[in-house]
Every structure is written in C-alpha cells, then in structure tokens.
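In the UniProt record's numbering, the protein residues as written are 1 to 392. Everything below concerns the one structure shown next.
Listed below in structure tokens is the structure:
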C-alpha cells in the first residue's frame, strides 16, 4: 500500500449529515446537526483529518471480516483510490463506562503515532449515525491473507507443521514490530496469533492495539521498588505472563513472555498452556510454574527451543528483552532464508501435547552474540559453564 492518501477535491467530496467534528476546546465530539456530546476520553482527540477521506460515502462496503465485544470489522474499498481497507466499526452506545471509551481513544492515539511496516497502518477515523445510534469508524490497512491463528489452524487441520523457515520469517517481523513499540515506551499487552495479520505478500502486520499502554516518563522514573510496573489486568489468559496473572505488576518483559508463547504455538500449533480453558486456577498454576510440553528436538532447531525457554521464563528479570529476541530472530531468519525451499522438509505433525509432560526450565541465556559464522550463534549459558557454539 502507498504511504499516503490524497484528499479528494472539495467540490466533488461526498457529504454526510451524520459526520462529526471536534470542539477545539474540549475532548467531546459535536454532532453537526444537534447539541449532543459524545465523550470518548479525558484528552482532546482530533478524529477528523481534513486531508483524509473522513466520510463513509467515500467507501464501498463489501463484507464483514470479524466481530468483537463493542465492534465489528468491515472490508471496504475507497471509491477515490480503489484501495481495499478494513473499517473497524465501534458502537459508541454500547460503551457505557468511561474506561471503554478511553480505551477507544487510546487505540486511535496509538495508531496515529506508530508508523512501521509491521504494524497495521491507520488511515483516518470519523463518526456516523445510523438509526439513532452512533458509530466510530476507524479506517485501517487491510491484511488480505487473514491472521496468524487462521494460518496455524490450516496447518493443524492438515496434520502438517510449519517449516522452521516460515516460522522465523513471520516471527522476525512480529519481533521488529514489538521492538519498535518498546523503543517508543509502548507495550502491546495482547500479543497472540489472532492479533498478527498477514498481507497477501507475506508481510506481517501487528494489530489490535486497543490494549496498548504508554509507560510515561513519570511511570518509568518511579523511585520505588515497583518502578516501571503496570497493575491493570488486560489481555488473553493463554498468553499472559505470571506477573500479570498474579497481579504483581508487570513491565515490557510481559510482552516478551507473550512473544515466546506465540513462537511456541507456531512450532506446536497450540498454546503452551492449552487445555485449561475452563479452569482458571489450573491455568494460573501452570503459567506460574512454566509447565508446558517441550518442543521435540528432532523437529526444530536448538535456537528456536532456547528462544522459547528464554521468553517463557517465570522470572521477568531473567527473560530476554525485545532486542535480545530480535537479535536471534534476525540471525535465524537470515540463516533459513539462505536455504532453498526444496531443502525445507515439512513434517507430519506428531503428538506434541500430553497431559503429564512437564518441562523443566533451563537457566536463561544472559547474553547473545551473533557469530561471524552465519551457521552458528555464540551464547553464554551459565548452567553449562560458559561459552557455547550452537550449530544451526
């Protein structure tokens, strides 16, 4: 997709009596035809960008892509440019509490600020009225190939495992997006396959930033022992870190736990903590003890398994950070990209998950150094007594 959209001619621009504009002195939205206010947050938000297509009349709707608690996602075409887009339609009347509306405002604020190839791009947003209901419409980049969870379901249905080449191809892009967000002091907080979208060209697009959270400088600079911690409970339980499940406060390292869960799921085709959907206490216990079935060593590389174990680590201080994960992911992607597809064997899926298998956590890799030899990664493993040269 192109990096920008041009504004239509004002003389030819469609008009709509249901569009809204911002009151410059407040954070509320004013209907052009009434005095009704819609409060969507504590801070001022400019939803209407005069240089964008800020009216539903510009778009031709062509189907539904998905549905959430307060919203649905529609597929549409921009009539002026021909670009296919996704429109997130949020029913404002269903968001009765301030927190839900504030989350809505935050998502738009985040989308406006994040400009990265591997993050779903924000185009514009506006509000329309339909049968006395108000809807916030957020126009986003469309990832035509669906999401990662759909891809994994397809492989699982066909009793096939994802080739490691493909795993690193997708995972390195997810990690680039997370590393970029963390560099801007933003946590995602809901990293999971369903929020990883894929374009028709195989480009990963991280989306659904409604749970994203800024760590302000005030939060980052607290002098207490809870420095840089967040205490709200949001996210998807299967991918939540122990500190989030136990309400002990969490930081950017919580995203790293979720990254490890996604990497594991790409290899095993299901969550490392799958099976406790109806028993939250059992799930919390499994997560707290890092009890998950190991990835078979005869199928995937040692570096993939080490990366998983150093992300899914109970002690957040001993987890990789985003730069560590990115270092390994970039190297592994480079390695497998140098191997022709004909050399990549697609395995029949074995029975990876049992009810009794428990993995013991290896001590994490504390330092990663990419060797000049592209076929190895040099790591320092404390429990093995020093420097190890891992062949790929």
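Just so it is clear, CB atoms sit at the ideal spot from N, CA and C, and this is done for glycine as well.
- Rounded to whole angstroms, residue 331 and residue 168 show a C-alpha spacing of 9 Å.
- Contact between the stretch 113-120 and the stretch 193-212 is present, with at least three C-beta pairs closer than 8 Å.
- Nearest in C-alpha terms to residue 87, of all of 78, 264, 94, is 78.
- When DSSP reads this structure, residue 201 sits in no beta bridge, so it has no partner.
- By the neighbour-count definition (other C-beta atoms within 10 Å, threshold 16), residue 141 is a buried residue.
- Sequence-distant partners of residue 70 (beyond 5 residues in either direction) whose C-beta falls short of 7 Å from its own C-beta, in its chain, are 90, 91, 94, 95, 100.
- The three-state reading of DSSP puts residue 58 in helix, counting H, G and I together.
- Sequence-distant partners of residue 262 (beyond 5 residues in either direction) whose C-beta falls short of 8 Å from its own C-beta, in its chain, are 148, 171, 174, 191, 192, 193, 196, 239.
- DSSP places residue 332 in the helix class (H, G or I) of the three-state scheme.
- Each residue's CA atom was taken as its position, placing residue 249 and residue 305 some 27 Å apart.
- Assigned with DSSP and collapsed to three states, residue 260 falls in helix.
- With contacts defined by Cβ atoms closer than 8 Å, residue 273 and residue 286 form a contacting pair.
- In the same chain as residue 260, and ignoring 5 residues on each side of it, the C-beta atoms closer than 6 Å to its own belong to 308, 311, 312, in chain order.
- Here the C-alpha atom of residue 209 lies approximately 16 Å from the C-alpha atom of residue 66.
- Residue pairing by DSSP places residue 78 opposite 59 in a beta bridge.
- Its chain contains 116 as the residues whose beta carbon lies nearer than 6 Å to that of residue 180, once the 5 sequence neighbours on both sides are disregarded; these appear in chain order.
- Exclusion of the five residues before and after residue 254 leaves 241, 244 as the residues of its chain whose Cβ lies within less than 6 Å of its Cβ.
- Beyond the five residues adjoining it in sequence on each side, residue 236 comes within less than 7 Å, by CB distance, of 190, 192 in the same chain, given in chain order.
- Nearest neighbour of residue 256 by Cα position, chosen from 321, 146, 112, 98, turns out to be 321.
- Non-local beta-carbon contacts of residue 63 in its own chain, meaning distances under 8 Å to residues more than five positions away in sequence, involve 74, 75 in chain order.
- Secondary structure of residue 86 (DSSP, three-state): strand.
- Residue 124: member of the beta strand (DSSP E) spanning 122-130, first to last residue.
- Residue 144 sits in coil when the DSSP states are folded into three classes, being neither helix nor strand.
- With a 10 Å radius around the Cβ and a threshold of 16 neighbouring Cβ atoms, residue 184 comes out exposed.
- Counting along the chain, residue 173 sits inside the alpha helix (DSSP H) bounded by residues 164-183.
- The alpha carbon of residue 177 has as its nearest neighbour, out of 152, 207, 151, the alpha carbon of 207.
- Comparing alpha-carbon positions, the option among 281, 282, 329 lying closest to residue 301 turns out to be 329.
- Contiguous alpha helix (DSSP H) elements confined to the stretch 241-304 occur at 242-245, 253-268, 280-289, taking only those with 4 or more residues.
- For residue 192, the three-state secondary structure derived from DSSP is coil.
- Its Cα nearest to that of residue 155, the residue 267 stands out among 292, 324, 294, 267.
- In the DSSP assignment, residue 71 is bridged to 90.
- Cβ contact annotation for residue 258 (same chain, cutoff 6 Å, sequence separation greater than five): 191, 239, in chain order.
- Of the residues 97, 60, 166, the one whose Cα lies closest to the Cα of residue 81 is 60.
- Beta-bridge partners assigned by DSSP to residue 110: none are found.
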